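J.: Residue numbers (our numbering), protein chains in the order written: chain A, 1 to 454; chain B, 455 to 908.
#1: Name, going along the chain, the residues of the stretch 859-884 of chain B whose beta-carbon falls closer than 9 Å to a beta-carbon of chain A.
#2: In terms of residue numbering, what span does the alpha helix (DSSP H) encompassing residue 512 (chain B) cover?
#3: Is the distance from the Cβ of residue 418 (chain A) to the Cβ of residue 383 (chain A) below 8 Å?
#4: Return no unless some Cβ of chain B is closer than 8 Å to the Cβ of residue 138 (chain A).
#5: Helix, strand or coil: how does DSSP classify residue 741 (chain B) here?
#6: Give the residues of chain A in contact with residue 907 (chain B), contact being defined as C-beta atoms less than 9 Å apart.
#7: With a 10 Å radius around its C-beta and 16 neighbouring C-beta atoms as the bar for buried, classify residue 283 (chain A) as buried or exposed.
#8: Quick one: does residue 445 (chain A) have its CB under 8 Å from some CB of chain B?
#9: Could you tell me the alpha carbon to alpha carbon distance between residue 816 (chain B) and residue 103 (chain A), rounded to whole angstroms?
#10: Is residue 312 (chain A) helix, strand or coil when you go by DSSP?
#11: Rounded to whole angstroms, what's the CA-CA distance from residue 489 (chain B) to residue 349 (chain A)? Just pull it up for me.
#12: Could one say the Cβ of residue 736 (chain B) lies closer than 8 Å to chain A's Cβ atoms, at least one of them?
#13: Give me, in chain order, the residues of the same chain whose beta-carbon lies closer than 6 Å to that of residue 79 (chain A); leave out the 5 immediate sequence neighbours on both sides.
#14: Output, in chain order, the set of chain B residues within a Cβ distance shorter than 9 Å of residue 82 (chain A).
#15: Quick check: residue 505 (chain B) and residue 574 (chain B), are their CB atoms within less than 8 Å of each other?
#16: Using 8 Å as the limit for Cβ to Cβ distance, is residue 719 (chain B) near chain A?
#17: Just the chain D side, please: which residues come within less than 8 Å of residue 651 (chain B) by C-beta, in chain order?
#18: Determine the direct distance from the alpha carbon of residue 825 (chain B) to that of residue 795 (chain B), and round the result to whole angstroms.
#19: Looking only at C-alpha atoms, which of A:287, A:164, A:385 sits nearest to residue 252 (chain A)?
#20: Count the CB pairs spanning the stretch 685-692 of chain B and the stretch 605-619 of chain B that are closer than 8 Å, and state whether there are at least three.
#21: With residue 697 (chain B) as the anchor, note down where its beta strand (DSSP E) starts and where it stops.
#22: Where does the unbroken alpha helix (DSSP H) through residue 189 (chain A) begin, and where does it stop?
#23: Provide the residue span of the beta strand (DSSP E) that contains residue 773 (chain B), from first to last.
#24: Identify every residue that forms a DSSP beta bridge with residue 419 (chain A).
#25: Could you work out which residue in B:758, B:744, B:793 is closest to residue 885 (chain B) when comparing CA atoms only?
#26: Look up residue 713 (chain B) in the DSSP assignment and give the residues it is bridged to.
#27: Note the first and the last residue of the continuous alpha helix (DSSP H) segment covering residue 868 (chain B).
#28: To the nearest angstrom, how far is the alpha carbon of residue 664 (chain B) from that of residue 674 (chain B)?
#29: Closer than 9 Å by beta-carbon distance: list the chain B residues that pair up with residue 209 (chain A), in chain order.
#30: Within this structure, are the beta carbons of residue 294 (chain A) and residue 345 (chain A) separated by less than 8 Å?
#31: Any idea what DSSP makes of residue 371 (chain A), helix, strand or coil?
#32: Within 8 Å of any Cβ in chain A, is that where the Cβ of residue 623 (chain B) sits?
#33: Do you know whose CA, among B:625, B:528, B:728, lies nearest residue 169 (chain A)'s CA?
#34: Hey, residue 865 (chain B) and residue 662 (chain B) are a contact pair by Cβ (cut 8 Å); roughly how many whole angstroms apart?
#35: Alpha carbon to alpha carbon, how far is residue 415 (chain A) from residue 193 (chain A)?
#36: Quick check: what's the CA-CA separation for residue 200 (chain A) versus residue 531 (chain B)?
Structure representation (structure tokens):
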């Protein structure tokens, strides 16, 4: 290693005192000064992942973290980490490194950031086996969290890319609102100058207003707030909602199929572009690859009930699915159709919100659907009632105070096209695609009733 | 017009009673039943914008809003609107339409949504001049608000597209936080179960934590909350922040130039892909086309001071720029360099937040920059102090209570690479690119101290 320097570290500095008189390599290492943008040196930093056999015998500069460090006599092995990529570096007493320099390297704290110059050397045996005298760099390990959040970034990207290609417009909806959106339960209150305001539980009203303003196809990505005191593996008080709303011509299936196709494009894009990340996560959390059909399997609620009853579950026609029954249904569907993703259509009207369009063919059913990944709900959607008179009737039927939803009902009075939509929970999609078991693994800074930091 | 139907409207129904006995066209019009997704008819709805000369003599179905309506003897002219596009439709007594049908058409309320079938006919003179007997559709007008928000959607898309191509990762940062981020002023308080929490004034801490976690290049798009009682043309209490943070090798200019190039890619993309929208807005709000240089002009603060002083402004070396002086500077820069976009670098240390890296060459300057569009600030950024000791010194110098920012300082204790970033206000970029004069025109649902609805 011709030269090495550890950047100014925070916790401790190496305490060993070097005998400078004897140190023939003293210019080759040390604590570098803090980078304050003093100069723009003509030096290229090579990425750890680019340290492959093609670079053999090249001299390169690398900036990385010290992942592990192991000193052994006259040599010190460092594993240097950069995002998902690791490489082994050897500092050994010889022409380029002195005894003091090896000692210095051995004393660098883990997680310190170091700048290292070295020669890339081909090794005969992978991992741990190295030639002497020069640095040897070969990728050997990766890290899981980076991969999860890179894949999550990919979900957002694919969601937008697909929808923009389909002619959707991205909208920004307010999070501070003057009245609780869906009746008032589970809403956070904000002090707003001299009054109170609330945090939006969903962008739904605003998506629908954009449809009434003839945007026709809109989507939004943003935080959604739920003041639910739920402490489960899949609930957060703040999560990221991917929301879609779309006017249709004659049948809400036009929208439902567009949403399902968007999910399929996301799955395909992830499997094509994020294979490294998927494999990284799988190493630590093994899981079957995510399977889906094209076009997406659509089951009606009554079909699902029949499957569950055949499996011994007792349920009434208008009962909602419990979480365990959703899971069981997911297993039955996987067995029968070999897919981890499907649509459950035509929910009982009784278990859906008041603004859900009733099914004209069957008054006990509704034009609503959920979508499932590995047996867990990731999207809930429906055709919305766009007629203020029917909306009023349904609200009264649900015992809702009309005064509280007046603005919502009024927004349809200037004429609204038929429309449908749905909302997706980003953290759940990431979790279920990767086969993880807690949304806290897929939220960088999770929020729940007991956690507000960091 | 062989057939026409107005969908069920909300406010009023046409009150005229038709004499059905004499109406030979009675099957050709009427109030259609509410679309509850009963059927999936084999009918294609043509987009208004696609009604060009190429479609002449074709029979098409169109769903649009009634923009204006004018009855004149035996005929009725409707202007049908779909997003930015308008077309004139004629209903005239003849083989396909009866007297009653014309009357029905004349009675349709403005803003109603109608389904119309008609023949596309070429006209001899543009606008208002039509042949008889059949529908004549030719695009003649567009609408402004649609164009503004379509362009805004484009800004978000170009921002992401550019950054993802540059290797950035999109992150999601929490909006509910446990402590006020920047000292506690101007922060909204939220009731969080039995405690209080706050709304994030910026994602900065979280962006920086991602840099410490070696993501290297991150961006986020999301709401930012400021409890400022400012009632100006450019302040909102909730706006959309486009945020960037990036580790660099040797000089913060690496980051500053990456951000400036991102802005340039956005400007280019808008001018290439959104010309229709820009022209639509310009018709109502005339404005010079937005000009920019490549690479972006960079001025140092001291150069700007010299220009202002030459123009008669009295300012001390360490004074901040007032809003009128920023505007004036914008004019001077435009005159001298012919650009509406530039970077102002090397702000006085005294006017920047405590976490700003001092300039090692000049203790009164800092490694910080603002970016301007048409003389108004749209981005504020800097190299951040990544060393906890220096950060502590600077916080003490600013009289900040160390206890309140302990978590922030601690996040750098495991070693942080040098990094810089910045935050952009989306509504301001849209406003200034289009030469509009109030952010309320570029926020669909603006929030200010006096406005919380809709």
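Idealized CB from N, CA, C, for every residue including glycine.
Treat the numbers as computed from the prediction; the structure is a model and nothing was measured.
T.: Short version:
#1: 861, 865, 866, 867, 868, 869, 870, 871, 872, 874, 880, 881
#2: Looking at the DSSP string, residue 512 (chain B) is not in any alpha helix (DSSP H), and its letter there is neither H nor E.
#3: yes
#4: Confidence at residue 138 (chain A) is low in this model, with a pLDDT of 32, below 50, so its placement is unreliable and the value that follows should be read with caution. It does not; no Cβ of chain B falls within 8 Å.
#5: coil
#6: 177, 178, 179, 407
#7: exposed
#8: yes
#9: 37 Å
#10: coil
#11: 17 Å
#12: no
#13: 67, 68, 86, 88
#14: 668, 670
#15: yes
#16: no
#17: In the structure shown, chain D does not exist; the protein chains are A and B.
#18: 7 Å
#19: A:385
#20: no
#21: 692-701
#22: Taken as a continuous stretch (DSSP letters only), residue 189 (chain A) belongs to no alpha helix (DSSP H), being part of the beta strand (DSSP E) at 189-192.
#23: Here residue 773 (chain B) belongs to no beta strand (DSSP E), and DSSP marks it neither H nor E.
#24: A:247, A:384
#25: B:744
#26: In DSSP, residue 713 (chain B) forms no bridge with anything.
#27: It is not in any alpha helix (DSSP H) - residue 868 (chain B) carries neither H nor E in the DSSP assignment.
#28: 11 Å
#29: 898, 899, 908
#30: no
#31: strand
#32: yes
#33: B:728
#34: 7 Å
#35: 35 Å
#36: 43 Å
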